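Let me begin by presenting the structure, written as structure tokens, before commenting on it.
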Amino acid sequence: MRPFFVYKEDTIAAVATPAGEGGVAIVRVSGPDAERIAKEIFSRSGGRNGALRSHTLHYGTICDPKSGAPLDEVLLTLMRKPRSYTGEDVVEVHCHGGPFLVREVLELILSRGARHAEPGEFTKRAFLNGRLDLAQAEAVLDLIRAQTDKGMRLALGQVRGELSKWVGELREELLDILVQVEAAIDFPEEEIELLQREELTTKIEALRKNIAGLIVSYEWGRLFREGARVCIAGRPNVGKSSLLNALLGEERVIVTPVPGTTRDVIEESINLGGLPVVLWDTAGIRETHDQVERIGVDFSLKRLEEAEAALVVLDGSCSSSVEDHAILALVKGKKGLVVINKNDLPQKLDVKEVIIEAGQKDMVSVSAKEEIGLDDLKHALRKLLLGAQSEPPIVVTNLRHKAALERAEEFLSQAAGALREGLPPEIVAVDLQEGKEGLEEVVGAVTNDNILERIFSQFCIGK
Ligand SMILES: Nc1nc2c(ncn2[C@@H]2O[C@H](COP(=O)(O)OP(=O)(O)OP(=O)(O)O)[C@@H](O)[C@H]2O)c(=O)[nH]1
Ligand SMILES: [Mg+2]
40 MRPFFVYKED
50 TIAAVATPAG
60 EGGVAIVRVS
70 GPDAERIAKE
80 IFSRSGGRNG
90 ALRSHTLHYG
100 TICDPKSGAP
110 LDEVLLTLMR
120 KPRSYTGEDV
130 VEVHCHGGPF
140 LVREVLELIL
150 SRGARHAEPG
160 EFTKRAFLNG
170 RLDLAQAEAV
180 LDLIRAQTDK
190 GMRLALGQVR
200 GELSKWVGEL
210 REELLDILVQ
220 VEAAIDFPEE
230 EIELLQREEL
240 TTKIEALRKN
250 IAGLIVSYEW
260 GRLFREGARV
270 CIAGRPNVGK
280 SSLLNALLGE
290 ERVIVTPVPG
300 TTRDVIEESI
310 NLGGLPVVLW
320 DTAGIRETHD
330 QVERIGVDFS
340 LKRLEEAEAA
350 LVVLDGSCSS
360 SVEDHAILAL
370 VKGKKGLVVI
380 NKNDLPQKLD
390 VKEVIIEAGQ
400 KDMVSVSAKE
410 EIGLDDLKHA
420 LRKLLLGAQS
430 EPPIVVTNLR
440 HKAALERAEE
450 FLSQAAGALR
460 EGLPPEIVAV
470 DLQEGKEGLE
480 EVVGAVTNDN
490 ILERIFSQFC
500 IGK
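Everything in the sequence shown is counted per this note's numbering, starting at 40 for the first residue and increasing by one.
Given below as structure tokens:
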């Protein structure tokens, strides 16, 4: 099923570990010349020669065969095909992690006939050699980029093929239905009977619902991968910066009793039970003649608009002001929470009025200064961002997968419609076929070279 791709069968090499100083760095080589190059530049300790055993760590020295000069003491491993990451012969050199040294080792390998790998080229080869399907290969990138333990677990599940397995099962079910419809085409005298039409429609509908569930899980998965952006907004002096500090657990932002302290937008991330959240602390919103403060207020308004959700901070120790009302009106239609701060002081704010004005948002009472109510706030924010739904069994995290699933869903719904209307089986079969292709797109069975380039170019070099 795998289509034809241009596969350059040469040997590629790159540094697989991050740039900079480290204890160990790994240079990775993959392709038909990997073993030859390893033999040319590596001598095992104790003067042993002979064939290198596969899937074994060997201790020895990297030398430039031209000058005979030793470069580094290393551990080297050879993984002969097909049992390697790329499915080709792979050599990994574990050398000392100095940037200069690592470059020298890579240069030496390149001078013996390897080519510098493009971003993601190792993983692309793994895909082209059938070691990973496309959904798994893409999840490798998510795994590298994961920002929280939860994001990492979702990606790992996908690398291990959970999504692929699920989609594969849906495809099998679809194939069964398709076979029945095609039988009616091949044997026209066996017109699809009324009863059979109903049964098929029910099956297709059930399948469509399953796919729709996967599509819905995307929003969930996207949040865990990319995180949510939340703007802390309110008039000056209500305690926005104090709240950011309290949520971070460190004195990150300047806090003073002077209204208009914060001018720039300050961005910090927190981990809300595995959900990465970017918090923006902003300048207090009010009319002002101070030129610098006014620019800050403009920034606040812009960020408030861009954010997925807002934490609208009010000072519970005073009654609401004109500025508070203006901000509540601004966030009325936006996802958000009302945070009543300074609950360590006697409370004067008319909370009921505020909640109505904010468009019925949930309210949390806290003291940023005394660190009261912060867990409730975190809990409420997580709930707000994720919605009430619990974690779906399989989570789609990739926009390309979602688009392919949407295509599948659309054609299945057309197929069900065609069956209900009594249209000929040929038409139903075409829709089902298209639906099947949508599912196959997820695992990469029908993809073209451009899509592949786009996917793998997002990877770092060496992966
Ligand atoms: N009692 C009490 N005081 C607080 C609390 N939170 C903040 N404050 C005080 O309120 C004042 C303003 O706090 P900030 O955090 O700077 O307020 P802000 O909303 O960031 O103000 P701007 O940056 O000027 O918009 C400071 O004196 C804080 O110590 C609280 O929960 N209780
Ligand atoms: Mg501030």
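Glycine residues also receive a C-beta, built at the ideal position from the N, C-alpha and C atoms.
Keep in mind it's a predicted model, so treat the numbers as computed, not measured.
- Take the alpha-carbon of S281 and the one of V351: they are about 14 Å apart.
- For E396, the enclosing alpha helix (DSSP H) covers residues V390 to E396.
- If you look at E112, you'll find it in the beta strand (DSSP E) that goes P109 to M118.
- Cβ atoms of D49 and R151 stay farther apart than 8 Å, at about 13 Å.
- In this structure, the alpha-carbon of E473 lies about 30 Å from that of E430.
- With 16 or more neighbouring CB atoms inside 10 Å of its own CB, S359 falls in the buried class.
- Inclusion of E221 and A468 in the CB contact set at 8 Å is warranted, their separation being smaller than that value.
- Using a cutoff of 7 Å, the CB of P296 counts as near ligand 1, since one of the ligand's heavy atoms is closer than that.
- Judged by their CB atoms, G273 and L353 are nearer to each other than the 8 Å cut-off.
- The C-beta distance from L376 to K400 rounds to 6 Å, short enough to meet the 8 Å contact threshold.
- At a Cβ-Cβ threshold of 8 Å, G126 and A165 count as neighbours.
- Checking the DSSP bridge columns, you'll see V352 partnered with V378.
- Taking the CA atoms as reference points, A176 sits about 20 Å from W259.
- In the DSSP assignment, P158 is bridged to no other residue.
- Annotation for L91: no beta strand (DSSP E) segment contains it, and DSSP assigns it neither H nor E.
- Taking C-beta atoms as the reference points, G61 and G169 fail to come closer than 8 Å.
- In this structure, V331 lies away from W319, with their beta-carbon atoms at least 8 Å apart.
- Here the alpha carbons of M191 and R75 stand approximately 37 Å from one another.
- Secondary structure at F139: helix, using DSSP grouped into helix, strand and coil.
- K408 has its Cβ no nearer than 7 Å to any heavy atom of ligand 2.
- It is roughly 56 Å from the alpha-carbon of K47 to the alpha-carbon of I293.
- Beta-carbon to beta-carbon, F81 and L114 are separated by about 10 Å, too far to satisfy the 8 Å threshold.
- Unbroken beta strand (DSSP E) stretches of 3 residues or longer found wholly inside the region 279-327: 305-311 and 314-320, given in chain order.
- Looking at I334, Q497 and C357, the one whose alpha-carbon comes closest to that of D389 is C357.
- DSSP places I148 in the helix class (H, G or I) of the three-state scheme.
- Taking the C-beta atoms as reference points, L283 is found nearer than 8 Å to E307.
- In the three-state reduction of the DSSP assignment, D363 falls in the helix class, which pools H, G and I.
- By the CB criterion at 8 Å, I216 and L471 fall inside the cutoff.
- Secondary structure at E347: coil, using DSSP grouped into helix, strand and coil.
- With a cutoff of 8 Å on beta-carbon distance, A407 and V370 are scored as not near each other.
- Contact between the region 142-150 and the region 99-112 is established, with three or more Cβ pairs separated by less than 8 Å.
- Counting the other Cβ atoms within 10 Å of the Cβ of G85 gives fewer than 16, which makes it exposed.
- By the neighbour-count criterion, in which 16 or more other beta carbons inside 10 Å mark a residue as buried, I395 falls on the exposed side.
- Distances from the CA of S203 to each of G89, L420 and V481 were compared; the closest alpha carbon is that of V481.
- Secondary structure of F166 (DSSP, three-state): helix.
- In this structure, the CA atom of K374 is about 15 Å from the CA atom of V403.
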